[in-house]
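See structure below.
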Amino acid sequence: MNTVFTNAIITAYCACFLCTGTANQPTACGKMPVAGVTVAAPRSIPFGTVVHIEGIGQRTVQDRLARRYDSRWDVFLPSHAAAKRFGLQRRTVTILRTNTASPPKKPCPAPPSKS
Ligand SMILES: [Zn+2]
Numbered sequence: 001m002n003t004v005f006t007n008a009i010i011t012a013y014c015a016c017f018l019c020t021g022t023a024n025q026p027t028a029c030g031k032m033p034v035a036g037v038t039v040a041a042p043r044s045i046p047f048g049t050v051v052h053i054e055g056i057g058q059r060t061v062q063d064r065l066a067r068r069y070d071s072r073w074d075v076f077l078p079s080h081a082a083a084k085r086f087g088l089q090r091r092t093v094t095i096l097r098t099n100t101a102s103p104p105k106k107p108c109p110a111p112p113s114k115s
């Protein structure tokens, strides 16, 4: 049985300053986000977990949202226009493969913080 989140809140983002606060930075898991691959997921979902988002397709959890949006999913898109156009949608998210090698409490290293 796959875990399914029905009616999940899905938003979209790109690598720009408006979306992330820092332009072209690696994701919370230290990788550069890739359109068609990267999704930011709630902190209860381990990095590396593969999910299917209704109408969007398969994505890999590689990023996190701001804590106040932790119940949301955020799909990485190649442009800010596309992310804006996406807006906020409600869709079904199905967990296809949980990455048990990376427990949710111990994520891969955070990107270097600006000092
Ligand atoms: Zn953007």
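Residue 85 in our numbering is what sits at position 85 of the sequence shown, and the numbering runs on without skipping anything.
Backbone N, C-alpha and C fix where the C-beta goes; we use that ideal spot for every residue, glycine too.
Since the structure is predicted, the reported quantities are computational estimates derived from the model, not experimental observations.
- Message: Using DSSP's beta-bridge definition, name the partner residues of I9.
- Response: R90
- Message: Just to check my reading of the structure: C29 and D70 have Cβ atoms closer than 8 Å, yes? What is that Cβ distance to the nearest angstrom?
- Response: Not quite, the Cβ-Cβ distance comes to about 15 Å (not below 8 Å), so this is no contact.
- Task: For V93, count neighbouring Cβ atoms within 10 angstroms of its own Cβ and tell me buried if that reaches 16, exposed if not.
- Result: buried
- Taking DSSP as the reference, what is the three-state secondary structure of A28? coil
- Message: Out of Q25, A40, T100, which one is the CA nearest neighbour of C16?
- Response: Q25
- Under 8 Å between C-beta atoms of R90 and N7: yes
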